[in-house]
Every structure is written in C-alpha cells, then in structure tokens.
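Written out below as structure tokens is the structure these notes cover.
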Amino acid sequence: MDFDEYETLPNNSTPLNHMMAGALAGIMEHCIMYPVDSVKTRMQSITPNPRAVYRSIPEALYKMIRYEGALRPVRGMVAVVSGAGPAHALYFSCYEYMKRKLSSTKPGHHHLAHGISGCLATLLHDAIMGPADVIKQRMQMYGSPYSSCKDCFRTVYRTEGPRAFYRRDRKSVV
16 MDFDEYETLP NNSTPLNHMM AGALAGIMEH CIMYPVDSVK TRMQSITPNP RAVYRSIPEA
76 LYKMIRYEGA LRPVRGMVAV VSGAGPAHAL YFSCYEYMKR KLSSTKPGHH HLAHGISGCL
136 ATLLHDAIMG PADVIKQRMQ MYGSPYSSCK DCFRTVYRTE GPRAFYRRDR KSVV
C-alpha cells in the first residue's frame with residue numbers, strides 16, 4: 016500500500032464520506048477514552064474535593080466505581096457523543112476539502128496547505144466541542160450538582176450566560 020493511499024480516502028469520495036468517517040471515528044474515540052478522561056479531569060482539578068484525591072488512574076477508577084456507582088466514570092458521556100459526531104464530521108470534511116482546494120494546482124505534498132487546512136478544521140471542531148467539553152467536565156467532577164447534561168447546560172446558560180461555554184483556560188489553548 017502506498018503512503019498516499021493510506022493517508023486519504025479515495026479521490027471519488029464525497030464530503031458525506033468524510034463526514035461519516037469523522038463522526039464515527041470521533042464518537043468511538045471519545046466513548047472508549049471517556050472513563051480515563053473522567054479520571055484525568057478530576058486529577059487536574061485545581062481545588063479537588065478531599066474525597067476525590069487519587070494517586071493513580073486505577074485507584075481513581077476503583078474509588079469512583081466503589082463509592083459513587085458503576086456508571087460514575089461515564090457520567091456526562093451524552094454531551095461528548097452529542098458534540099463529537101458533528102464536530103469530527105465537520106473537522107474531517109473541512110480538512111479534506113480545504114486540503115484539496117489549496118493544493119489542487121500542483122502534484123505532491125503541500126505542507127502549508129495541509130497546515131492551513133488543519134487550522135481551519137480545528138476552528139470548526141472547537142466551536143462545536145467547546146460547549147460539550149464544558150458540560151462534560153462539570154458532569155465529571157466529584158459531587159457535581161447537575162442531574163443530567165441537559166440540566167447542566169440550562170444551569171450554566173442561565174447563571175453564567177452563553178460565553179461560559181467558550182471560556183477556556185489559557186493553558187489549554189497554548
């Protein structure tokens with residue numbers, strides 16, 4: 016198999032193919048890694064609850080399941096699945112479309128075109144995943160006061176406004 020064949024879908028693939036591939040890949044990745052992401056979110060908390068201090072990932076998973084219930088490590092997954100499908104669909108389709116448009120005049124690899132395509136695709140992706148990440152992280156925290164993702168969305172929107180869904184820690188942007 017040639018390197019170029021591995022890196023792209025066939026030339027006759029449609030934007031719908033790219034969108035479906037991206038949506039399915041994004042949903043699968045987020046679902047599989049979600050329990051580990053729940054642990055990571057708690058371990059990175061600036062002010063963790065004293066009951067939620069862990070020394071390792073296995074210990075955190077064990078304590079979450081033992082003291083908070085078997086489904087606790089996947090609490091809030093609905094927000095991620097709802098955001099990951101559209102976000103990754105747009106990411107993949109935008110990236111492939113822009114890559115072809117920006118490098119269609121000359122054969123070969125065009126690193127600048129690929130970089131610009133990746134930047135534009137990431138902007139679209141993050142515009143959708145930003146709110147989903149806010150809800151996900153608030154649902155993952157120990158003692159989260161929200162009963163559901165819908166409740167979290169409504170409460171955050173009502174008390175903090177729509178900007179709360181796009182407010183980011185500077186370290187996550189850099």
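According to my numbering, the sequence shown holds residues 16 to 189 in order.
From the three backbone atoms N, C-alpha and C, an ideal C-beta is built for every residue, glycine too.
Problem set entry | Cβ neighbours of R182 in the same chain (closer than 7 Å, five flanking residues each side left out) | Start at 1 with the first residue of the sequence shown, and residue 182 comes out as number 167. Excluding residues within five positions, none has a Cβ falling inside 7 Å.
Problem set entry | At least 3 beta-carbon pairs within less than 8 Å: the region 55-75 vs the region 162-174 | no
Problem set entry | Among L39, F180, T29, the one whose alpha carbon lies nearest that of G100 | As a working mapping, residue 100 is identified with position 85 in the sequence shown. Checking every option, the nearest Cα to that of G100 belongs to L39.
Problem set entry | For R115, three-class secondary structure by DSSP | Working through the sequence shown from its first residue, we reach residue 115 at position 100. Correct three-state label for R115: helix.
Problem set entry | Euclidean distance between Cα positions of V171 and V54 | Numbered from its first residue, the sequence shown carries residue 171 at position 156. Numbered from its first residue, the sequence shown carries residue 54 at position 39. When rounded, the distance between both Cα atoms is 22 Å.
For this session: Would you give the residue range spanned by the alpha helix (DSSP H) that G2 belongs to?
Result: No statement about residue 2 is possible, as the shown extent of the chain runs from 16 to 189 and does not include it.
For this session: If I'm right that I80 touches R87 with Cβ under 8 Å, what's the distance once you round it to whole angstroms?
Result: Here residue 80 corresponds to residue number 65 of the sequence shown, with the count starting at 1. Here residue 87 corresponds to residue number 72 of the sequence shown, with the count starting at 1. With a Cβ gap of about 6 Å, I80 and R87 count as contacting.
For this session: Note down the Cα distance separating G145 from F180, rounded to an integer number of angstroms.
Result: Position 130 of the sequence shown, counted from the first residue, corresponds to residue 145. Position 165 of the sequence shown, counted from the first residue, corresponds to residue 180. If I take the Cα positions, the gap works out to 6 Å.
For this session: Alpha carbon to alpha carbon, how far is Q152 from F168? Give it in angstroms, no decimals.
Result: Taking the sequence shown and counting its residues from 1, the one referred to as residue 168 is at position 153. Taking the sequence shown and counting its residues from 1, the one referred to as residue 152 is at position 137. Taking the straight line joining both Cα atoms gives about 12 Å.
For this session: From the DSSP output, in three-state form, read off N27 for me.
Result: Looking up residue 27 in the sequence shown gives position 12. Three-state DSSP puts N27 in coil, outside helix and strand.
For this session: Return the chain-ordered list of same chain residues with a C-beta closer than 7 Å to the C-beta of L135, the five sequence neighbours on each side being excluded.
Result: Mapped onto the sequence shown, residue 135 falls at position 120. These residues qualify, in order along the chain: C109, M113.
For this session: Could you have a look at V51 and say whether DSSP puts it in helix, strand or coil?
Result: Taking the first residue of the sequence shown as position 1, residue 51 is located at position 36. It is helical.
Exercise. By Cβ distance below 8 Å, which residues in the same chain neighbour I143 in space, the five residues on each side in sequence not counted?
Worked result: As a first step, residue 143 is located in the sequence shown; it is residue number 128 there, counting from the start. Closer than 8 Å at Cβ, skipping near neighbours: G98, P101, A102, L105.
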